[in-house]
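Have a look at the structure below before the remarks.
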Amino acid sequence: MAGGPKKCWPLIGFSLICLKMVASAKTAPEIPTIDQAYSKISNSITVEWTTVPGATSYLLTAEDGDTVIETMVANSPGTVRGLKAATLYQITIRSISATGKSQPSPPKQAKTVLAAPILEVSSPSPDSILVQWEAVYMAIAFSVSIMRANGLGRIWKENTTNISLTFTSLEAGTLYTIKAYAWNANGIPGDDSICNQRTSPRAPANIQVSFDSGALRASVSWAPTEGAFNYTVMALSDSSELSCHTSLSACTISSLQCGTEYLISVLASNDAGSSKSTSAEALKTVACAPGRVTIREDPPGHLSVAWSNVDLGDYYVVFVKSDDGLEVHCNTSLTQCNFLSQCGFTYFISVFAYNKAGQSPLGDVFNYTTAPCCPTDINPVLVSSDRVEIVWSPVRGAELYETTAVDGFTVVECNDTAPACTLSALECDTKYDITVYSFSEARGRNMSCTSRFITTAPCSPEIKNVSKDAFSTINVHWRSTNNDATYTVTAQGEMGLFWCSSTGQSCAMAGLPCGSVFSITAVAETQAGRSLPSYSVPLETVPCCPAGLTVTQVTQSVINVSWTIGTGAQTYVTVLESHTGQSKCLTHQTQCLLGCISCGVNYTVALQAISATGLTADCTYQSYSSSACCPLGVKLYRLGPNGIRIHWQAPRGSANYSTDLYGSKGIFTCAPSAGLSFCDVTKIPCGDVYTVMVSPIAETGLKLTFCPKKIYSVTCSGSTLGMVETSFAKRRKYFFNYCMREFGISYIALSLNPQEQFCFLTSKVDEFLLMETPVRGRTTAPADSTLTAQPRSRSGRESPCSRACRHRRARPVSGGRATELLSPW
Ligand SMILES: *[C@@H]1O[C@H](CO)[C@@H](O)[C@H](O)[C@H]1NC(C)=O
Ligand SMILES: *[C@@H]1O[C@H](CO)[C@@H](O)[C@H](O)[C@H]1NC(C)=O
Ligand SMILES: *[C@@H]1O[C@H](CO)[C@@H](O)[C@H](O)[C@H]1NC(C)=O
Ligand SMILES: *[C@@H]1O[C@H](CO)[C@@H](O)[C@H](O)[C@H]1NC(C)=O
Ligand SMILES: *[C@@H]1O[C@H](CO)[C@@H](O)[C@H](O)[C@H]1NC(C)=O
Ligand SMILES: *[C@@H]1O[C@H](CO)[C@@H](O)[C@H](O)[C@H]1NC(C)=O
Ligand SMILES: *[C@@H]1O[C@H](CO)[C@@H](O)[C@H](O)[C@H]1NC(C)=O
Ligand SMILES: *[C@@H]1O[C@H](CO)[C@@H](O)[C@H](O)[C@H]1NC(C)=O
Ligand SMILES: *[C@@H]1O[C@H](CO)[C@@H](O)[C@H](O)[C@H]1NC(C)=O
Ligand SMILES: *[C@@H]1O[C@H](CO)[C@@H](O)[C@H](O)[C@H]1NC(C)=O
Ligand SMILES: *[C@@H]1O[C@H](CO)[C@@H](O)[C@H](O)[C@H]1NC(C)=O
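Residue numbers (mature numbering (1 follows the signal peptide of the UniProt record, and there is no 0)): -25 to -1, 1 to 800.
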């Protein structure tokens, strides 16, 4: 195949072509002769021969009895490969041309050299290399040499018959080249075996360990050693092994455990092996956080913290931080510490153990909340009969306040988060044991909170009755169950406030003004406070008696009683009473005309002031003496030419009289001697008409003006004096104006004109009488009229008035009409 590899083979192809051109002319070539056959390396033998003409190639044959190995070569020398080491071969050669191949040459013997020893090298220590090999066939000795791979330094050579050799005093961590070969008995060296081996590094020295207690890490550093590729730091404890690797000269071992003792060593390594530091550094880590921490508060105010002992702990520090930020600590080698605590705080407690390595890691932070403080400045702001309002200042730690009021067996409670509480539905006038407990979820009630006694205000008294005694003193009686209470009764009215007080069950109030309305209430008061006022009771005082009462005589039988207003009075009843009878008048007004008055009689005057509700004040006044009686049967007798005797019949009772004659020519008065019932007037001018009146003289000396007048004419002719009845100058009307019925008593009113009304008391009548009648008969003046109304009585009974008026008895009018009665003149 003339194609073949392009670069190298074309040369060979060219010569082949040349050989073919030569050989084609001849037959089989000559037999070559082997000049020399020798072995340089253990698997080949090189043959040198003298070339023969025409030979294009040669066939070398190596034969050792068992095997024959042939190799075609182009020219001398040629080498047979693939032979066994240290073996004797018989070598022949044939020349080959295009026409054929020659006969084999005469054989030549040659022996292959020894095989190279197969080395096994290692560096058992930083300064030695151990070279080992297996026995080599036919070898009797070995030659081993060593030198630095970089060619520097000297070469060490050793001859040995052993199969191992150790080179010592080498440099650590250095790459060496080792060469070895075997010798045979003939002193012929075999194949070389070369390999490189590094010495292992020297152990790291000057190891420094620094421990980071917080991170539980150890930083290890050392002096770097020659030829070390990388380092391994190992931390060994009883239970664990930690390591770190680096190619630098420091590394950090993390995840160390607290409370553990480690041995730290450093291993330097390269491809030849590793060496461990000779001395291991001992490292004690920080102690672990103490566990089983127990916190107790006993007695209150004293916190006791205890914990369990920990390995490697030299002493302990307990930090107690309260929630207001204050921190205290305790330093002890024991396993217990005491602190002072305050109520209402939460304390955060951490326990650390210390040793030379530092502080133990932070364990659990425990907290302890002390019982809430007791409220101190407790103030009841209001104590009433059934309620107590209490306020206090909020205290630390209290989440809730529980207030209880205990009275024997009953308990009133209130719970509130606010620092105030109103206890209601309490019993009045009762002593309660009141406690305000502070409460927290963590500790419950602080049972040592003190109680205080609060007495509720007294119970309201109940007014039982209000009575008046004869001296218009008001007695108020009440009922109440309070202990040691003072009761105050007040009467409140438009006239002002009156009061009395007592510690008993009643009190008397004097001096209440008449004619007034009061509201009476009672209040109890003790040191605890005031009760609610009792229900009020109304009280009306009797009307006031009119301050002044005047009685004036209108006619002989009629008097005008008038009085001032009595406060609180709505109606008045005036009663004039004498042995002869009684005259009464009931009116809303402050005056009254009373008839049926007997002359010359002592009357007691009484007036009742009556309020709207019927309360009656009996008022008494000075007795009234009615005027002396007018004389009867006045007659005039002539005494000579110029004298007149006036004669009368003296009525009952003794009185002094005065006679008056009123004429156009003068007034003539005559006073009779005591006890006489006539009086003589001398020298009276004749020829005149005289009005003659005989009047009794009151004890005061006053002359009455209402006695009947008679008109006489005194003639000069000497005729006898005669009584002349004058006729009225004009007619006048009288009105029985009205008669009303009120309070069961009837009145008849007489009026001289429609505006004036006078009432005369009559007995009871059943109907009103009203009439208007023209006056019949005679009269001189209204003041002189003596008019009496007499009602018809169904029962027929006569009233006191009718008795008094009998001599002027009325004549009943048919058809139920009142009778007008005019006294006969
Ligand atoms: C080792 O043996 C050889 C051959 O016998 C000799 O030439 C050589 O000097 C020897 N080397 C040493 C170090 O003995
Ligand atoms: C060969 O060397 C080994 C180790 O160095 C030694 O124990 C042994 O005795 C040696 N053998 C001879 C024959 O020298
Ligand atoms: C240390 O060096 C050796 C040799 O070069 C290598 O095989 C090994 O992986 C290295 N170790 C580390 C942790 O780098
Ligand atoms: C605790 O006491 C030890 C020795 O008595 C001392 O070295 C250390 O500093 C103290 N620690 C504290 C936090 O006081
Ligand atoms: C206190 O400790 C308890 C349990 O240990 C925890 O539930 C609670 O939250 C802690 N309180 C505070 C204020 O840290
Ligand atoms: C209850 O409160 C008082 C006063 O505030 C305090 O001194 C005491 O320690 C508390 N009681 C308890 C059991 O802590
Ligand atoms: C108040 O709180 C206490 C304790 O929690 C409870 O026993 C009591 O019943 C509560 N009282 C009221 C009135 O809620
Ligand atoms: C008022 O009460 C007192 C005490 O109960 C009693 O003695 C008195 O008789 C009572 N008076 C009247 C008028 O009821
Ligand atoms: C009765 O007296 C009062 C007071 O003096 C007087 O105002 C009144 O007019 C009198 N009435 C008669 C009828 O005289
Ligand atoms: C009336 O009373 C006065 C004085 O009290 C007395 O002097 C007089 O006699 C009495 N008159 C009659 C009629 O009783
Ligand atoms: C009448 O007058 C006399 C003398 O003046 C006197 O003494 C006497 O008391 C008087 N009588 C009466 C009742 O007034």
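C-beta: ideal position from N, C-alpha, C; glycine also. Please read these numbers as outputs of a predicted model, since none were measured by experiment.
Under the three-state DSSP convention, the category residue i falls into
i     : result
A203  : coil
A497  : strand
A210  : strand
C349  : coil
N577  : strand
W108  : strand
W474  : strand
Q467  : strand
C594  : strand
S250  : strand
P521  : coil
P766  : Confidence is the limiting factor: at P766 the pLDDT is only 35, short of 50, which leaves the residue's position unreliable and the question unanswerable from this model.
Y407  : strand
Q172  : strand
T527  : strand
A(-1) : For A(-1), the predicted structure reports a pLDDT of 44, less than 50, and the residue's modelled location is therefore unreliable. A value from the coordinates is still provided. DSSP places A(-1) in coil when its eight states are reduced to three.
A779  : With a pLDDT of only 33 at A779, under the threshold of 50, the placement of this residue in the model should not be trusted; the figure read from the coordinates follows. Here A779 sits in helix by DSSP.
V27   : coil
K15   : coil
N161  : coil
D187  : strand
Any non-hydrogen atom of ligand 9 within 8 Å of residue i CB
i           : result
N617        : no
S537        : yes
residue 805 : Here the chain covers residues -25 to 800 and nothing more, so residue 805 does not appear.
V580        : no
Distance cut-off 8 Å: residue i Cβ against heavy atoms of ligand 4
i    : result
F306 : Contrary to the premise, residue 306 reads as Asn rather than Phe in this sequence. Yes, Cβ of N306 sits closer than 8 Å to a heavy atom of ligand 4.
V280 : no
heavy atom of ligand 1 below 8 Å from residue i C-beta
i    : result
E38  : no
G162 : yes
A157 : no
heavy atom of ligand 7 below 8 Å from residue i C-beta
i    : result
F414 : yes
C389 : yes
L472 : no
C401 : The sequence shown places Leu at residue 401, not Cys. No, the beta carbon of L401 sits no closer than 8 Å to any heavy atom of ligand 7.
CB of residue i within 9 Å of CB of residue j, strictly
i    : j    : result
S222 : S196 : no
T666 : K684 : yes
C574 : Q531 : yes
A178 : P101 : yes
T152 : I182 : no
S72  : G29  : yes
S435 : L507 : yes
Residue i: CB within 8 Å of a non-hydrogen atom of ligand 6
i    : result
P347 : yes
S423 : yes
C396 : no
Ligand 5 heavy atom lying under 8 Å from the CB of residue i
i    : result
N330 : no
F341 : yes
T260 : no
| Taking contact to mean at least 3 C-beta pairs separated by less than 8 Å, is the stretch 350 to 357 in contact with the stretch 305 to 324? | no
| task | Check whether the stretch 626 to 637 touches the stretch 670 to 680, counting contact only when three or more Cβ pairs, one atom from each stretch, lie closer than 8 Å. | result | yes
| task | Within the stretch 313 to 400, note down every full beta strand (DSSP E) run reaching 3 residues or more, in order along the chain. | result | 321 to 330, 341 to 344, 354 to 358, 363 to 366, 375 to 382, 385 to 391, 395 to 398
| request: Quick one: which unbroken beta strand (DSSP E) runs of 3-plus residues sit fully inside the stretch 30 to 102? Chain order, please. | output: 32 to 38, 43 to 48, 53 to 55, 63 to 71, 83 to 86, 94 to 100
| message | I'd like the ranges of any alpha helix (DSSP H) spanning at least 4 consecutive residues and lying wholly in the stretch 615 to 674. | response | As far as the stretch 615 to 674 is concerned, it has no whole alpha helix (DSSP H) run of at least 4 residues.
| message | Three or more C-beta pairs under 8 Å: does that hold for the stretch 229 to 247 against the stretch 189 to 208? | response | yes
| Per the contact definition of three or more C-beta pairs closer than 8 Å, is the stretch 202 to 217 in contact with the stretch 271 to 287? | no
| What are the uninterrupted segments assigned as beta strand (DSSP E) that are 3 or more residues long and contained completely in the stretch 210 to 290, given in chain order? | 216 to 221, 225 to 228, 236 to 245, 248 to 251, 256 to 259, 269 to 272, 277 to 281
| task | Spell out a yes or no on whether the stretch 550 to 561 and the stretch 576 to 587 are touching, meaning 3 or more CB-CB pairs, one atom from each, closer than 8 Å. | result | Note that the stretch 550 to 561 touches the stretch 576 to 587; at least 3 beta-carbon pairs, one per stretch, sit closer than 8 Å.
| message | Taking 8 Å as the cut-off, does the stretch 214 to 221 touch the stretch 166 to 177 (at least 3 CB pairs, one atom from each stretch)? | response | no
| query | Does the stretch 466 to 474 come close enough to the stretch 362 to 375 to have 3 or more Cβ pairs within less than 8 Å? | reply | no
| query | On the three-pair Cβ rule with 8 Å, is the stretch 443 to 463 touching the stretch 411 to 426? | reply | Flag = no, the stretch 443 to 463 and the stretch 411 to 426 do not touch.
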